[in-house]
Amino acid sequence: MLIMTSHQTETLRNQQSQVPTPKQVKREMNESNKDALIASLKRKNKKLEDENKQLREQLKVAYADVYKKL
Numbered sequence: 001m002l003i004m005t006s007h008q009t010e011t012l013r014n015q016q017s018q019v020p021t022p023k024q025v026k027r028e029m030n031e032s033n034k035d036a037l038i039a040s041l042k043r044k045n046k047k048l049e050d051e052n053k054q055l056r057e058q059l060k061v062a063y064a065d066v067y068k069k070l
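In terms of the UniProt record's numbering, the sequence shown opens at residue 1 and continues consecutively.
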């Protein structure tokens, strides 16, 4: 039979309270994944905005060429 003193019990509780629970670990991983996903989506959004801007410029030039031929 294992008998612990109140000091040993308190020490063990303190040690266990410092270890993150699986739920806490999962939440931290989710936060990290969220941050990475947000950064990735921001980069993709910027790329699409730049591409959209270039296409609009090309469209202006194409409309100007069509207008000149009329």
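Cβ atoms here follow ideal geometry from the backbone N, Cα and C, with glycine treated the same way.
Looking at the secondary structure, which residues open and close the alpha helix (DSSP H) in which residue i lies?
i: residue 41; result: 22-69
i: residue 9; result: 6-18
Measure the Cβ-Cβ separation of residue i and residue j and say whether it is below 9 angstroms.
i: residue 20; j: residue 31; result: no
For residue i, which residues in the same chain have their Cβ closer than 8 angstroms to its Cβ, ignoring the five residues on either side in sequence?
i: residue 38; result: none
Could you pull out every residue in the same chain whose Cβ sits closer than 7 angstroms to the Cβ of residue i, ignoring the five residues on either side in sequence?
i: residue 33; result: none
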